[in-house]
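In what follows, a structure is listed as structure tokens, so that the remarks can point back to it.
In my numbering, the protein residues as written are 1 to 284.
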């Protein structure tokens, strides 16, 4: 739809959305897509320069935006972000938890470096059994801290605001096909995303009576900085795409379209569900 088309009201007209990990990739795509449909946006990330770029993109679409530097794994930062949304825009209607990492040393602003490190690691230890048995606890913990605990903290902080303001809302967690398919991600990543999926279902059951819907998106292989390692290894990319019936990687915009559906009243009877924009990779 979009408010820019013939003056029609957007699907999210007058809503306020908070997007963690909104500086790039799926998070940024959600910020821009929501703005096109009339939402004001609070962007939370640790990448300040890219976060400010996202703010500019939202404002260019005619909506208000604010940026907050925030560590997804920090309880204080999550509380501060949600309170900022209340102070600046009056509340929270939508939360998207797009902050996430694939490995402990992942940096979404350094995709080439991350891809080279991953390729080097794969060459040095090609045996997946050894990669699993030698997984360092520190790496495991870092990934779970950001992906799983970070999601919990954001959902808790946002739902507290919604409950205090007696607002019905929509919470959208970003999981992964790796939540249900162990070959789709590294061990810590897959387990963290499986945890996000169970957290989503639990929160949906608990928050439903207050009119707060909680759903997940489990993307497949999407063209973002996180999947640069796949695109940098032609053999791996070919092998993965062989399992995708549509024969290509998805785009962040396609994931954002799924998030828009879950954020809007078009999904008013959806809660505790996970949508899979994955080109058919996961067919159950």
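Idealized CB from N, CA, C, for every residue including glycine.
In this structure, does DSSP put residue i in helix, strand or coil?
i: residue 4; result: Only weak support exists for where residue 4 lies, its pLDDT of 46 falling under 50; the coordinates are left without a value.
i: residue 45; result: strand
i: residue 40; result: strand
i: residue 9; result: coil
i: residue 208; result: helix
i: residue 52; result: helix
i: residue 84; result: helix
i: residue 249; result: coil
i: residue 72; result: coil
i: residue 67; result: strand
i: residue 271; result: coil
i: residue 222; result: strand
i: residue 24; result: coil
i: residue 279; result: coil
i: residue 78; result: helix
Are residue i and residue j closer than 7 Å when you measure CB to CB?
i: residue 8; j: residue 34; result: no
i: residue 258; j: residue 245; result: no
i: residue 24; j: residue 100; result: no
Name the one or two DSSP bridge partners that residue i has.
i: residue 215; result: 172
i: residue 94; result: 17 and 170
Can you list, in chain order, the residues of its chain with a C-beta nearer than 8 Å to that of residue i? Leave out the 5 residues immediately preceding and following it.
i: residue 180; result: 194, 197, 218, 282 and 284
What does a CB cutoff of less than 6 Å around residue i pick up in its chain, not counting 5 residues either side in sequence?
i: residue 200; result: 173, 214 and 216
i: residue 66; result: 42 and 88
i: residue 27; result: 19, 21 and 98
In chain order, what residues of the same chain lie with their CB nearer than 7 Å to the CB of residue i, ignoring the 5 residues before and after it?
i: residue 151; result: 97, 173, 196 and 199
i: residue 264; result: 11 and 12
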